[in-house]
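Student:
Residue numbers (our numbering): 18 to 247.
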């Protein structure tokens, strides 16, 4: 309770601009938590997933490969399932279908990220606005009391410094998480592109009746069976 009352006192000392910074910080924290949970739910081992799919495709079990995708959580299994459902098409059509699925899911990866970026940009300006209000208050106090002793201007200067510090703090935290998520998105997007291309190639070899090259996946129990084998 003591910490809470101290926090409220800090907000009040910062003046009206602190309300805006508080709203920005709450939004940023909510989005950061949502994005962290989202990335934690994504499929973590794309190579293992491709290995399982390659084994099913090599055994001419497309339905089994689709089932594997549906048993795994995350965006990548859904994208690969989208390609498997069109596995009887030619390679160009499969690649186009996977590209469409990747583009659709890219928006999901970047969801709400723009809000964090906006907060990172505007937070210092909101703090600067509070700084200006604090300076105005200091000059008003000087005008009312007719002197400029430290005791007179202290409240206004304190308000100005608090909002400046709070604005910079919110901006720094927002920038850190914005860049972190951008890096995660770039890496995950590249991983999905590679996985989608490998699936398209496996389906191509399956459709032309050739064995899937072992460099595309690591089969369990030796070499993959030729397409169409029982």
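Glycine included, C-beta positions come from ideal geometry on N, C-alpha and C. If you're wondering where the values come from, they're calculated on a predicted model, not measured in any experiment.
(1) Should residue 50 go down as buried or exposed, given a rule of 16 or more other Cβ atoms within 10 Å for buried?
(2) Assign residue 102 to one of three DSSP states: helix, strand, or coil.
(3) Using the C-alpha atoms, what's the distance from residue 72 back to residue 86?
(4) Could you have a look at residue 225 and say whether DSSP puts it in helix, strand or coil?
(5) Around the C-beta of residue 238, are 16 or more other C-beta atoms found within 10 angstroms, so that it is buried, or is it exposed?
(6) My output table needs one value for residue 59: the three-state DSSP class, helix, strand or coil.
(7) For the candidate residues 222, 216, 224 and 223, whose alpha-carbon lies nearest to that of residue 65?
(8) Give me the Cβ distance between residue 100 and residue 114, rounded to the nearest whole Å; I'm assuming they're in contact under 8 Å.
(9) Report buried or exposed for residue 52, applying the criterion of at least 16 other Cβ atoms within 10 angstroms of its Cβ.
(10) What are the start and end residues of the alpha helix (DSSP H) that includes residue 81?
(11) Could you tell me which of 45, 227 and 179 sits nearest to residue 134, measuring between CA atoms?
(12) Anyone know if the C-beta pair for residue 184 and residue 140 falls short of 9 Å?
(13) Which residues in the same chain have their Cβ closer than 8 Å to the Cβ of residue 245, if we skip the five residues on either side of it in sequence?
(14) With distances taken between CB atoms, is the gap from residue 34 to residue 123 smaller than 9 Å?
(15) Assuming residue 219 contacts residue 74 (C-beta within less than 8 Å), just tell me the rounded distance between them.
(16) Can you grab the Cα-Cα spacing for the pair residue 156 / residue 128, in whole Å?
(17) Which residues bound the alpha helix (DSSP H) around residue 128?
(18) Pop quiz: residue 266 and residue 90 are said to be a contact at Cβ under 8 Å. What is the actual Cβ separation, rounded to whole angstroms?
(19) Among 98, 126 and 36, which one has its Cα closest to the Cα of residue 201?
(20) Answer with buried or exposed for residue 142, where buried requires no fewer than 16 other C-beta atoms within 10 angstroms of its C-beta.
(21) Between the C-alpha atoms of residue 196 and residue 94, what's the straight-line distance to the nearest angstrom?
Tutor: According to the structure shown:
(1) Residue 50 is exposed by the Cβ-count criterion.
(2) coil
(3) Spanning the two alpha carbons is a distance of roughly 13 Å.
(4) coil
(5) Low confidence applies here, because residue 238 scores a pLDDT of 49, under 50, leaving its location unreliable; read the following figure in that light. Exposed.
(6) coil
(7) 216
(8) 6 Å
(9) buried
(10) The continuous alpha helix (DSSP H) containing residue 81 extends over residues 79-88.
(11) 45
(12) yes
(13) Only weak support is given to the placement of residue 245: the predicted model assigns it a pLDDT of 40, under 50, and the question is left unresolved by the model.
(14) Cβ distance not < 9 Å, so residue 34 and residue 123 don't count as in contact.
(15) 5 Å
(16) A straight line joining the alpha-carbon of residue 156 with that of residue 128 spans about 44 Å.
(17) Residue 128 -> no alpha helix (DSSP H), and no H or E assigned at all.
(18) The structure shown has nothing for residue 266, since the chain only spans 18 to 247.
(19) Answer by Cα proximity: 126.
(20) exposed
(21) 26 Å
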